[in-house]
Every structure is written in C-alpha cells, then in structure tokens.
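**Q**
There are 2 protein chains.
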Amino acid sequence: MNTRQEVLDFVHHGAERFLPHLSIDCAIFGYHDHELKTLLIRHHGQENWSLPGGYIGRHETLTEAAHRILAEKTQLTGLFLQQFYTFGDSATRMNNIKTEQTHNTTYSKVGVSLSPGHWLSERTLSIGYYALVDYLQVVVTPEFLVDEYCWLNVADIPQELVYDHNEIIQKALLTLRAHIFQQPIGYNLLRDKFTLPEIHSLYETILCKQIDRRNFRKKLLTLGLIRQLDEQKKIGPHRSPFLYEFDLENYSRALEDGSILTF
Amino acid sequence: MNTRQEVLDFVHHGAERFLPHLSIDCAIFGYHDHELKTLLIRHHGQENWSLPGGYIGRHETLTEAAHRILAEKTQLTGLFLQQFYTFGDSATRMNNIKTEQTHNTTYSKVGVSLSPGHWLSERTLSIGYYALVDYLQVVVTPEFLVDEYCWLNVADIPQELVYDHNEIIQKALLTLRAHIFQQPIGYNLLRDKFTLPEIHSLYETILCKQIDRRNFRKKLLTLGLIRQLDEQKKIGPHRSPFLYEFDLENYSRALEDGSILTF
DNA sequence: TTACAATGCGTAAATTCTACGCAATAAACT
DNA sequence: AGTTTATTGCGTAGAATTTACGCATTGTAA
Numbered sequence: 001m002n003t004r005q006e007v008l009d010f011v012h013h014g015a016e017r018f019l020p021h022l023s024i025d026c027a028i029f030g031y032h033d034h035e036l037k038t039l040l041i042r043h044h045g046q047e048n049w050s051l052p053g054g055y056i057g058r059h060e061t062l063t064e065a066a067h068r069i070l071a072e073k074t075q076l077t078g079l080f081l082q083q084f085y086t087f088g089d090s091a092t093r094m095n096n097i098k099t100e101q102t103h104n105t106t107y108s109k110v111g112v113s114l115s116p117g118h119w120l121s122e123r124t125l126s127i128g129y130y131a132l133v134d135y136l137q138v139v140v141t142p143e144f145l146v147d148e149y150c151w152l153n154v155a156d157i158p159q160e161l162v163y164d165h166n167e168i169i170q171k172a173l174l175t176l177r178a179h180i181f182q183q184p185i186g187y188n189l190l191r192d193k194f195t196l197p198e199i200h201s202l203y204e205t206i207l208c209k210q211i212d213r214r215n216f217r218k219k220l221l222t223l224g225l226i227r228q229l230d231e232q233k234k235i236g237p238h239r240s241p242f243l244y245e246f247d248l249e250n251y252s253r254a255l256e257d258g259s260i261l262t263f
Numbered sequence: 001m002n003t004r005q006e007v008l009d010f011v012h013h014g015a016e017r018f019l020p021h022l023s024i025d026c027a028i029f030g031y032h033d034h035e036l037k038t039l040l041i042r043h044h045g046q047e048n049w050s051l052p053g054g055y056i057g058r059h060e061t062l063t064e065a066a067h068r069i070l071a072e073k074t075q076l077t078g079l080f081l082q083q084f085y086t087f088g089d090s091a092t093r094m095n096n097i098k099t100e101q102t103h104n105t106t107y108s109k110v111g112v113s114l115s116p117g118h119w120l121s122e123r124t125l126s127i128g129y130y131a132l133v134d135y136l137q138v139v140v141t142p143e144f145l146v147d148e149y150c151w152l153n154v155a156d157i158p159q160e161l162v163y164d165h166n167e168i169i170q171k172a173l174l175t176l177r178a179h180i181f182q183q184p185i186g187y188n189l190l191r192d193k194f195t196l197p198e199i200h201s202l203y204e205t206i207l208c209k210q211i212d213r214r215n216f217r218k219k220l221l222t223l224g225l226i227r228q229l230d231e232q233k234k235i236g237p238h239r240s241p242f243l244y245e246f247d248l249e250n251y252s253r254a255l256e257d258g259s260i261l262t263f
C-alpha cells in the first residue's frame, strides 16, 4: 500500500477482500558478515518496532498469502518460507484495547479512527512464518504507513516490540536453530556458490556456538550435502578458498534416510 | 453440544461466541498393546470420518480453546497438547462449496439449512493440535451431531477423511515422530510407573521400526531420562520386570544441553 | 625474505553405536 | 519334580563416529 487512497480503500473495504481475525507475521532473517539480522518496520506514529505482516486474501491460499506479503516487503519471490506457529494466547491477542489504540495512532495518518467494531480492531490471531533471504539482494520498499525500517542484529532486538512480536521472533529463532539440522538452510542465505569459511561462519552465527572448522567441512562433505567445485574465489586476502555448492539431491536423500547433523 | 437446543443455539448465535474463519482440529493419539490409535468421529449424515475439532471462543486463549475441545471429547484435562501446524491451503479450505454441502447434511439433523453467508459456511482455516492420551483412561462422550466414534489404528486410517483431515493427521504423525526425540512423549502415553518392555514397545510402535531392547535401555538410562525403581511388577508371566519412571528434571536438562536421542 | 594469517587435508584418541551373548527368573509342560 | 521355554536384565567386543588437534600450503604484508 503506497498511497493514501490505497490505505483508505484497505480500511473501508478490506474486510471484503481479506479474512478478519487472522494475520500473518513474518520474521525475515538475513545474514551478512557473521551477523544474523531481522527486518523490522516502524509504522506511522508507533514508538516500537514490528515484524512485517499482512492479511490473508479471501481467494488466496495461506501459502500464497505468505509469499505475497514477503514479496511486498522484500521484492523477492520464490524464497524459503516456513510456517512455524500460530499465536493466539498473549494478552495483546486477547483483549483488543491496546491493539485498537495502537492501530488508531497509525491510521490517523489517513484521517480515520477505527470504531470498536471495525474489522481491524477485532481480535486477531497471527500465523508466524520465517523467511531466509540473501541480505544484500533485498530491496526494502517502504509503504505509506511505514515510517522507518531497519535490519537489526538478532542479538540487538529491543525488548519492546509491538504486541507479542518479541514472542514470535524468539520462537522463530528457536525453530530456525532446530531446522538447521534438517534442512539446507544455507541454501537460501548464501549465494549459489560459497566458500567454506562463509558457510561455516553462517552456522556458527545461527547456532551461537563455535564449530571446529575442519570437522565441519568433513561432515558436510562426507554426507554429500555440499560439493566442492574446481573454481577458487581469487579475491580476498591470503589463501584463495575453493567454492562449494549445495547438493540438494543428496540433501533430500539424506533427510529421508534420517541422517542427522550434529555439531 | 448434547441437545438439539444447544446445537440450534450454536448455529444461530455461535458467531457471537466464537471466532469465524478459524477452527481447531485435534489428532488424539492413544497407545495400547503395541498399537497407536487415533480417535475419529463421524458426524450425522456423513459417510467419512473426521478428526474431533471445535471453534475458538472469543474470550478464551488459543491454548484454552484447544484444551477445552480436547476435554469435551475425552473428559480428560491437563493432557499433553501440542500445536503443530495451521492449514489453509487445500482445495476444501479455499472454496467452500464442498464444505457447505457437507455441513448442511450434518445440520439437517436439527432442521437448519446453512445459507452461503452463514458463519459456518465461510472459509475456515484450521489450527492443528495433537494430543497424547492414555488410551484406557479416555471416556468418549458422543455429542448430539456425532453418529459414531472409533479408535482406529493409525495404519488403518481410511484415505477418505472429510476435508483435508488426511493431510492433518499425516502431518501430526510426522511431527510426533520428530518430537519423540526431543520430548518425554512416553510420559503422557504411559502411566507414571512403567516397565521397560512397555516403553520400548511404545517407541517401536511410534517410530515404526525395531529398536534393540538392550541398547534402548542403555541409552535412556545413560542419559538419565528414566530412573529404575526398586519395585518389580509381580503380575505377568515369566520373569518379573522392574518398574521405571521418567526423570523429568534430567529430561529438560538434557534438552537444554542439546543431547539428541537416536535409535 | 620473512612473518603471519587463512585455508585445506590428515590422523590418533576418545567416545558412541551396534550387534550380539548369556545368565536369571517365572510360567508351562512332561 | 524336573525340564523346557519365553521374557527380562546386564555385559562386552568390534565397528563406526565424533572430537581434538597437527601441519603443510598459499597469498599478503612488513
């Protein structure tokens, strides 16, 4: 939503196009230079940051909605996107008093005040998704109601996000760390070809622990999850590292066999 | 809902008490004698079986709703209940044509025909939970609209459950099998004190594979997940097996340490 | 040239996993 | 009563895997 007119239409006719009581919130993880970052946005008039989110169109599947919302924020399609939990317990998801006030502040930018019965004021459960993106490829598009956005290191996320977004992002991180043992997480956070130090540092960053460089390489190669290429990355200081790529076929086969990664 | 009057009230005034567009479906797993069973119900007029389910009250949390629905079906409270996925993709969750017809057949028992705009006819996403119960403790209470219920071996579940319930139960099983390595699953399916053959058979049943009896015992004892008691179960033929109990403290400590069970 | 950091490769020790053997016990059978 | 048999508890050798390093190689910088 990039214009005042679009926002007004959304407020007044959104209930015809979207399902009420349900939203999607998306923890978008991007990796760069030993740091795992999340995309946060600040809506107009809000003091605190939010996760990017949106509503489910009445004629699109849940998965389609999640991808659309992700694409609206990052301009990227076909990304790795994983549903991890639906949130409907926290105080802010029960009584909509705070929600109403918060919403009202934002929508005052287009001169509307949401009545208590308005569809945007009602109790809303949120379906949480997390996405993995190449940090450098993302072009964030600010929307009409978004004052500010930022990529924040996951360690630096403030304690006071709006609603229950702190809970959502914590659960997303926990899920990501559990999934890293069972899915080619790096495939979506790195470029097609990557060096061993790059993927090694990625795993160390996500898991928040040190992993022996040499054993890490051995394990991924032995299981056939990555494949060493002939090319070397010439740029960079000191010795030129080889390039590697994921072997997705082997990866899925290993998953079926029940091979488990441990570090 | 046990009377015609309650059902009529639910149909006509349910939208005031429950959130539309959302339901909870529950895969209730019970274990007994080497077999993993699921509770299925058959609504009035339906040819196919369903998972037990219900709606979310406007003034209860999502978790409260799940426990209430479970208690309504099994008369048991405080059970292990785990949310695992929210379903909003399948054809039956997109167009509500089939849903309308199916619903209408059931509600014809109380003489109502649901109009297209009726809250029960609208598109509904379903939040999936799975529960683990002691099969023998459950007292299933048939409701007014339920013609029949049964405990069906998970291997014998028919291919034609209503809506996307086959998909839901498959995902529940997959999740259960993944969680068995990280949570004291047996704690909720067995009694407080159990014998080694009992828990061994439970794990074999859930994982659908044979596990060496002796290594299985060694692993659980070494990790401190179960504790051997002095008592022996005198009943039963042949040698009297010792009784064991879960060591929940050690269990949660092992989880934090990241110890992983493998069989 | 030399020092140094980054990268790739190997190996020995420690640990864990796996596949069994076997004794002890209690019921069933001759 | 003695024998057979199924069930349970416990141990152990060998295989496999994990872990902790050593070290040579390469490119950059002093």
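Quick note, the sequences are listed as chains A and B, same order.
In this text, residue positions in the first sequence follow the UniProt record's numbering: the first is 1, and each later residue adds one.
In this text, residue positions in the second sequence follow the UniProt record's numbering: the first is 1, and each later residue adds one.
Ideal Cβ positions, reconstructed from N, Cα and C, are used throughout, including at glycine.
Would you mind reading off the limits of the alpha helix (DSSP H) that contains residue 274(B)?
**A** Because chain B here runs from 1 to 263, residue 274(B) falls outside it and cannot be looked at.
**Q** Select from the segment 74-94 of chain B all residues with a C-beta closer than 7 angstroms to any C-beta belonging to chain A, and list them in chain order.
**A** Those residues of the segment 74-94 of chain B that come within reach of chain A (Cβ to Cβ, closer than 7 angstroms) are Gln-83, Tyr-85, Thr-86, Gly-88, Asp-89 and Met-94.
**Q** Any idea what DSSP makes of Thr-61(A), helix, strand or coil?
**A** In the structure shown, Thr-61(A) sits in coil (DSSP, three-state: anything other than H, G, I, E or B).
**Q** Listed in chain order, which residues of the segment 19-42 of chain A have Cβ atoms closer than 8 angstroms to some Cβ of chain B?
**A** Result list: Leu-19, Pro-20, His-21 and Leu-22.
**Q** With distance defined between alpha-carbon atoms, name the residue in Thr-63(B), His-67(B), Gln-182(B) and Ile-157(B) nearest to Ala-254(B).
**A** Looking at the Cα atoms, Gln-182(B) is the closest of the given residues.
**Q** Could you give the C-beta distance for Ala-27(B) and Leu-70(B), rounded to a whole number, given that I count them as a contact under 8 angstroms?
**A** Actually they do not touch by this definition, with Cβ atoms about 11 angstroms apart.
**Q** Who does Gly-14(A) pair with in a DSSP beta bridge?
**A** Gly-14(A) pairs with nothing; no bridge assigned.
**Q** Which runs of the beta strand (DSSP E), 3 residues or longer, sit entirely within the segment 194-240 of chain B?
**A** Runs found: 226-232.
**Q** Between residue 270(A) and chain B, is the shortest Cβ-Cβ distance under 9 angstroms, so that the two count as touching?
**A** Nothing can be reported for residue 270(A): it is not among the residues displayed for chain A, which extend from 1 to 263.
**Q** What residues are listed by DSSP as bridge partners for Ala-131(B)?
**A** DSSP output for Ala-131(B) lists Ile-28(B) and Leu-81(B) as bridge partner(s).
**Q** For Leu-152(A), report the span of its beta strand (DSSP E) as first-last.
**A** Per DSSP, Leu-152(A) belongs to the beta strand (DSSP E) from 146-153.
**Q** Please go through the same chain and pick out, in chain order, the residues whose beta-carbon is closer than 7 angstroms to the beta-carbon of Ile-56(B), but skip the five residues on each side of it.
**A** Result list for Ile-56(B): Phe-18, Leu-19, Leu-22, Ile-24, Leu-62 and Ala-65, in chain order.
**Q** Applying a beta-carbon distance threshold of less than 7 angstroms, which residues of chain B neighbour Thr-205(A)?
**A** Going along chain B, no residue has its Cβ under 7 angstroms from Thr-205(A), so there is no contact; the nearest lies around 17 angstroms.
**Q** Return the Cβ separation of Leu-196(B) and Pro-241(B) in integer angstroms, given the expectation that the two are a contact with Cβ distance under 8 angstroms.
**A** The pair is a contact, with the Cβ atoms about 6 angstroms apart (cut-off 8 angstroms).
**Q** Under 9 angstroms between the Cβ atoms of Leu-36(B) and Asn-153(B)?
**A** For Leu-36(B) and Asn-153(B), yes; Cβs fall inside 9 angstroms.
**Q** Quick one: what does DSSP say Glu-35(A) is sitting in, helix, strand or coil?
**A** It is a strand residue.
**Q** Strictly by DSSP, which residues pair up with Ser-126(A)?
**A** Bridge partners of Ser-126(A): Ser-23(A) and Phe-87(A).
**Q** Counting only Cβ pairs nearer than 8 angstroms, list the residues of chain B close to Arg-123(A).
**A** Neighbours of Arg-123(A) on chain B, chain order: Leu-19 and Arg-58.
**Q** So, for Lys-171(B): in the same chain, excluding its five sequence neighbours on each side, which residues have a beta-carbon less than 6 angstroms away from its beta-carbon?
**A** Tyr-85, listed in sequence order.
**Q** In this structure, does DSSP put Gly-54(A) in helix, strand or coil?
**A** Here Gly-54(A) sits in strand by DSSP.
**Q** How would you list, in chain order, the residues of chain A whose beta-carbon sits under 9 angstroms from the beta-carbon of Ile-169(B)?
**A** By Cβ distance, chain A contributes nothing, its closest Cβ being about 18 angstroms from Ile-169(B), past 9 angstroms.
**Q** Please confirm if Thr-222(B) has its CB atom under 9 angstroms from at least one CB of chain A.
**A** No, its Cβ sits nowhere closer than 9 angstroms to a Cβ of chain A.
**Q** Please tell me whether Ala-65(A) has its Cβ less than 9 angstroms away from any Cβ of chain B.
**A** For Ala-65(A), the answer is yes, since a Cβ of chain B falls inside 9 angstroms of its Cβ.
**Q** Would you mind reading off the limits of the alpha helix (DSSP H) that contains Asp-174(A)?
**A** It should be pointed out that residue 174(A) corresponds to Leu in this sequence rather than to Asp. Taken as a continuous stretch (DSSP letters only), the alpha helix (DSSP H) holding Leu-174(A) covers 165-179.
**Q** Is it right to say Pro-52(B) is buried, meaning 16 or more other beta carbons lie within 10 angstroms of its own, or is it exposed?
**A** Result: buried.
**Q** Would Pro-184(A) and Phe-246(A) qualify as a contact pair, given that the criterion is a beta-carbon distance under 9 angstroms?
**A** Yes; because the gap between Cβ atoms is below 9 angstroms, this pair is in contact.
**Q** How is Arg-191(B) classed by DSSP in three states: helix, strand or coil?
**A** Three-state DSSP puts Arg-191(B) in coil, outside helix and strand.
**Q** From Leu-243(A), Thr-92(A), Ile-226(A) and Thr-124(A), pick the residue whose C-alpha is nearest to that of Lys-234(A); which is it?
**A** Considering only alpha carbons, the answer is Leu-243(A).
**Q** Is the CB of Thr-260(A) under 9 angstroms away from at least one CB in chain B?
**A** For the sequence presented, residue 260(A) should be read as Ile rather than Thr. Yes, its Cβ sits closer than 9 angstroms to a Cβ of chain B.
**Q** Is the beta carbon of Thr-106(B) less than 9 angstroms from the beta carbon of Gly-45(B)?
**A** Yes, Cβ-Cβ distance for Thr-106(B) and Gly-45(B) is below 9 angstroms.
**Q** Cα-Cα, which of Ser-126(B), His-103(B) and Lys-73(B) is closest to Trp-151(B)?
**A** Per the Cα distances, Lys-73(B).
**Q** So is Val-139(A) buried or exposed if we call it buried at 16+ other beta carbons inside 10 Å?
**A** Exposed, by the Cβ-count rule.
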